[in-house]
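Let me begin by presenting the structure, written as structure tokens, before commenting on it.
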Amino acid sequence: MPLLPIPEPYDFAFSTERFRRFGPDLANLWHEGGLHRVVGRREVRIEAAPGGVLVEPLDDEIAAVVRKLLGLDFDLAAFESFAGGVDRNLAALVERFRGYRPAISPDPFETLVTSITAQQVSLASAFAIRSRMIERFGRRATHAYAFPTRGRLAVADPGELTAVGFSGRKAEYVVGLAGADLDYEALRLLPDEEVKARLVVIRGLGDWTADWFLARHLARPQAWPAGDLGLRKAVAAFYGDGPLPSIEEVRVIGTRFAPFQNLTAHYLLADLYLST
DNA sequence: ACCCAGGCATTGG
DNA sequence: CCAATGCATGGG
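For the first sequence, position 5 matches number 5 in my numbering, and the numbering has no gaps at all.
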């Protein structure tokens, strides 16, 4: 069986929790103890194994996607030693969630559409609405679905999206984004601020969405979604003494975690979403 | 029957 | 520049 070795520390259960917690994600589907995703035309299954994960089938293209899904690009060892020197809160978190590698979303368009579905509404609502969209516009392999393509959503009628639960506005955002002239390859080479600048000129993509794109798709170490409600709550719990901190206050607090803001944000959120 | 949830664009001061 | 408003659904 094709074994992909994973560097320690690594905790498969923590690292895949987000695929289970808020309901099924048909494009990144938890099924019978493993994670399923369509790569190219094939459905890939990933499951835990001693010394790493089993991946079936496995080739170079699939390995690159699996690396992202499992968060292998993060330098967890460096983060752990960093966290120990920052403050007791963070040190305790990295110990409690030791081996948690945040999942990186492999596809840029999927990342942005997913964020649009999650704007303003609860994650449970977002998952439900997105599942119905994937069923309608995506292509099913065996268990998992290939996420709907730009081409398909670009020609969708906004009414088809409102039929699966999108607001009229969000339906326009998705169709507009699918048809937008946006060079995703070029984004990968740009500095964080320039990536954000290119995203927020597109209708429906604001600061929050752009920050999560940096964090969850490009895996930029210093991405810090200061406007995220969950992160604001987590910062309040660990570093505040009263009401929910403002976005600006959260942004300022983020600077103390440089250059590991992305991992720090995920570990703070883990307390909200990964706790049993 | 409310009320809030991992925002955003739009409108009006 | 900042405040107020509507949005659609799921879960408490």
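All residues carry an ideal CB built from backbone N, CA and C; glycine is no exception.
Keep in mind it's a predicted model, so treat the numbers as computed, not measured.
C-beta contact flag for residue i and residue j at 8 angstroms
i, j, result
"G138", "A126", "no"
"S131", "P24", "yes"
"L26", "E135", "yes"
"D228", "L214", "no"
"F74", "P57", "no"
Span separating the alpha-carbon of residue i from that of residue j
i, j, result
"E80", "V86", "10 angstroms"
"F109", "A180", "11 angstroms"
"F166", "L272", "26 angstroms"
"M88", "V235", "According to the sequence as given, residue 88 is Arg; it is not Met. So the alpha carbons of these two residues sit roughly 14 angstroms apart."
"A77", "R18", "22 angstroms"
"I311", "I129", "Since the first residue of the chain shown is 1 and the last is 276, residue 311 is not available in this structure."
"P2", "Q261", "34 angstroms"
"L244", "T117", "24 angstroms"
"V94", "V174", "36 angstroms"
"R20", "V195", "30 angstroms"
"D207", "A156", "26 angstroms"
"F22", "R42", "25 angstroms"
Three-state secondary structure assigned by DSSP to residue i
i, result
"R130", "helix"
"P245", "coil"
"Y184", "helix"
"H143", "coil"
"P158", "helix"
"G254", "helix"
"L274", "coil"
Residue range of the alpha helix (DSSP H) that includes residue i
i, result
"W212", "207 to 212"
"I46", "Careful: I46 lies outside any alpha helix (DSSP H), inside the beta strand (DSSP E) at 42 to 49."
"P108", "108 to 118"
"R96", "88 to 96"
Rounded Cβ spacing between residue i and residue j (contact assumed at less than 8 angstroms)
i, j, result
"I104", "G71", "6 angstroms"
"R98", "P9", "5 angstroms"
"A265", "L231", "6 angstroms"
"V39", "I62", "5 angstroms"
"L190", "L199", "Actually they do not touch by this definition, with Cβ atoms about 10 angstroms apart."
"H143", "H36", "5 angstroms"
"A237", "G254", "Not confirmed; about 15 angstroms, so no contact."
"A178", "P158", "11 angstroms between Cβ atoms; not a contact."
Residue i: first and last residue of the uninterrupted beta strand (DSSP E) it sits in
i, result
"E56", "52 to 56"
"H31", "29 to 31"
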